[in-house]
Amino acid sequence: MSIMEKKESFTCPHCKEKLPFRMLLIVKNDHTFKCPLCGEALVPHKTKSFTWGYIIGFLSFALPQQIVFYLHQDNGLAFLIGILHAVTAIGLVSLYFYFNTKFSKAIVLSFTPILLVVFGRLLIHTIDFM
Ligand SMILES: [Zn+2]
Numbered sequence: 309m310s311i312m313e314k315k316e317s318f319t320c321p322h323c324k325e326k327l328p329f330r331m332l333l334i335v336k337n338d339h340t341f342k343c344p345l346c347g348e349a350l351v352p353h354k355t356k357s358f359t360w361g362y363i364i365g366f367l368s369f370a371l372p373q374q375i376v377f378y379l380h381q382d383n384g385l386a387f388l389i390g391i392l393h394a395v396t397a398i399g400l401v402s403l404y405f406y407f408n409t410k411f412s413k414a415i416v417l418s419f420t421p422i423l424l425v426v427f428g429r430l431l432i433h434t435i436d437f438m
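Here it is in structure tokens:
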């Protein structure tokens, strides 16, 4: 086990910089995106926490709303409580993602332009010979 290989959460593997918190909004499972700092392609590690995050976010809105509505029969209050819970839960889930999400270099994507160039050159050569 090497300490050098330990990856920091929410850090770009190319430039080793901490990614901005707002990047959480575009991070999805198996979804490649560009580092806003160096422009290299990244992919988040496979995790179930994204799905759970959405479920928790939804439940934290729906459940308190239902409970408050049941107790007080007040739709406005129920909605307000629901929103407050959802905001709190989404905030916590976002923090959890921020401290637990790790990124890898998107190798497949970074090789694609090279392959395209090689393929393009082969095509040009083939056309030249015809
Ligand atoms: Zn970067």
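So for the sequence shown, our numbering puts the first residue at 309; every next one is plus one.
From the three backbone atoms N, C-alpha and C, an ideal C-beta is built for every residue, glycine too.
Terminal residues of the continuous beta strand (DSSP E) containing residue i?
{"i": "residue 494", "result": "Residue coverage of the chain in this structure runs from 309 to 438, which leaves residue 494 outside it and unanswerable."}
{"i": "residue 351", "result": "349 to 352"}
Counting along the chain, where does the alpha helix (DSSP H) carrying residue i start and finish?
{"i": "residue 401", "result": "383 to 408"}
According to DSSP, is residue i part of a helix, a strand, or is it coil?
{"i": "residue 319", "result": "strand"}
{"i": "residue 310", "result": "With a pLDDT of 43 at residue 310, under the threshold of 50, the modelled position of that residue is not reliable, and the figure given next carries that caveat. It is coil, neither helix nor strand."}
Under 8 angstroms between the Cβ atoms of residue i and residue j?
{"i": "residue 343", "j": "residue 327", "result": "yes"}
{"i": "residue 386", "j": "residue 395", "result": "no"}
{"i": "residue 352", "j": "residue 411", "result": "yes"}
{"i": "residue 350", "j": "residue 358", "result": "no"}
{"i": "residue 384", "j": "residue 373", "result": "no"}
{"i": "residue 380", "j": "residue 348", "result": "no"}
{"i": "residue 368", "j": "residue 339", "result": "no"}
{"i": "residue 335", "j": "residue 409", "result": "yes"}
So is residue i buried or exposed if we call it buried at 16+ other beta carbons inside 10 Å?
{"i": "residue 346", "result": "exposed"}
{"i": "residue 320", "result": "buried"}
{"i": "residue 414", "result": "buried"}
Is the segment 349 to 369 close to the segment 395 to 412, with three or more CB pairs under 8 angstroms? By the C-beta criterion, the segment 349 to 369 is judged to be in contact with the segment 395 to 412, since at least 3 inter-stretch pairs fall below 8 angstroms.
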